[in-house]
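Contents: one structure, followed by commentary.
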Amino acid sequence: MKKQTIIINFKNYKNGKEVLKLAKSFEKYNKEIIVGVPAIDIREVSSKTKLKVYAEHVDSLHKGKSTGFTIPEEVKENGADGTFLNHSEHKLKFNVLKETVKRCSEIGLKTAVFVPSIKEAIKAEKLKPDFLIYEPPELVGGKVSVSSAKPQIVKNLSEKMHMAFLVGAGIHNKKDVKTAMELGASGFAISSAVVLAKNPTIKLREIFGR
Ligand code: G3P
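According to our numbering, the sequence shown holds residues 1 to 210 in order.
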């Protein structure tokens, strides 16, 4: 099977010491995995694992008078390789998304932009993010996967996109992965199936093989 990008979104399912423990169990499976962790855990996970660490969101504000916002420089200086943007659980207006992608690229912070539709994918592709991820919001966190519920959209994306794209939402078994790859996806964003698994390393092997 061709190479897949795997992005694991920790959301706020785990906090504190559990975050590093979980990250280490993913590292055991594959060091090339990208993990999105709460901002406060970025430094620890990036310094104690070889994984690529992403923030789950950043704000486009600048250094200085921006109380309580998480700015791109902050996550980069703490060891993040990139950031998620526009996840369906943290939606941005298009002009804010555009400005934030620009700010991140200026300082060398990679961006993984989430989109809920082909229409938004076409717009977001023009911003030149490093990753584009299609996730139907209504399937996020459920047991019905993007591969089984939206195969036609995934196929249409592969025809319309000029850049590689990932898919996410409800991915929980080998068949979900196989179907999406056959339809043209180049990787996956996944959360609940592995983050909440009793044995996350075994679960990753079950879903992605090896
Ligand atoms: O970013 C990935 C995430 O939103 C997918 O969640 O729980 O459906 O795998 P889940």
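Note that beta-carbon positions come from the ideal geometry of N, C-alpha and C, so glycine has one too.
For the putative contact between residue i and residue j, defined by C-beta atoms under 8 Å, what is the C-beta separation to the nearest angstrom?
i: Asp130; j: Thr111; result: 5 Å
i: Leu204; j: Phe26; result: 7 Å
i: Leu109; j: Gly82; result: 6 Å
i: Ser192; j: Thr5; result: With 8 Å as the limit, Ser192 and Thr5 do not qualify as a contact, their Cβ atoms being about 19 Å apart.
To the nearest angstrom, how far is it from the Cα of residue i to the Cα of residue j?
i: Ala189; j: Leu166; result: 7 Å
i: Arg249; j: Glu56; result: The requested residue 249 does not occur in the structure, where the chain is confined to residues 1 to 210.
i: Phe84; j: Thr70; result: 13 Å
i: Glu32; j: Glu106; result: 24 Å
i: Phe114; j: Ser88; result: 7 Å
i: Arg43; j: Gly16; result: 12 Å
i: Gly209; j: Val146; result: 19 Å
i: Asp41; j: Pro72; result: 15 Å
i: Val35; j: Val177; result: 18 Å
i: Val152; j: Pro116; result: The displayed chain sequence assigns Gln, not Val, to residue 152. In a straight line, the C-alpha of Gln152 is about 14 Å away from that of Pro116.
i: Ala197; j: Ser66; result: 37 Å
i: Ala39; j: Lys63; result: 16 Å
i: Leu92; j: Thr201; result: 33 Å
i: Phe94; j: Tyr54; result: 21 Å
For residue i, count the other beta carbons within 10 Å of its own beta carbon; 16 or more makes it buried, fewer makes it exposed. Which is it?
i: His162; result: exposed
i: His90; result: exposed
i: Ile7; result: buried
i: Lys126; result: exposed
i: Lys28; result: exposed
i: Asn86; result: buried
i: Ala164; result: exposed
Taking 8 Å as the threshold (C-beta atoms), are residue j and residue i in contact?
i: Leu61; j: Val45; result: no
i: Ile133; j: Lys160; result: no
i: Lys150; j: Pro136; result: yes
i: Leu157; j: Ala121; result: yes
i: Lys174; j: Glu206; result: yes
i: Gly142; j: Gly168; result: no
i: Val218; j: Val75; result: Within the shown structure, residues of the chain are numbered from 1 to 210, placing residue 218 beyond reach of any answer.
i: Leu22; j: Val195; result: yes
Assess, as a yes-or-no matter, whether the stretch 94-108 is touched by the stretch 43-55 under the definition of 3 or more beta carbon pairs within less than 8 Å.
no
Inter-stretch contact at 8 Å, needing at least 3 Cβ pairs: the stretch 174-184 / the stretch 6-19
no
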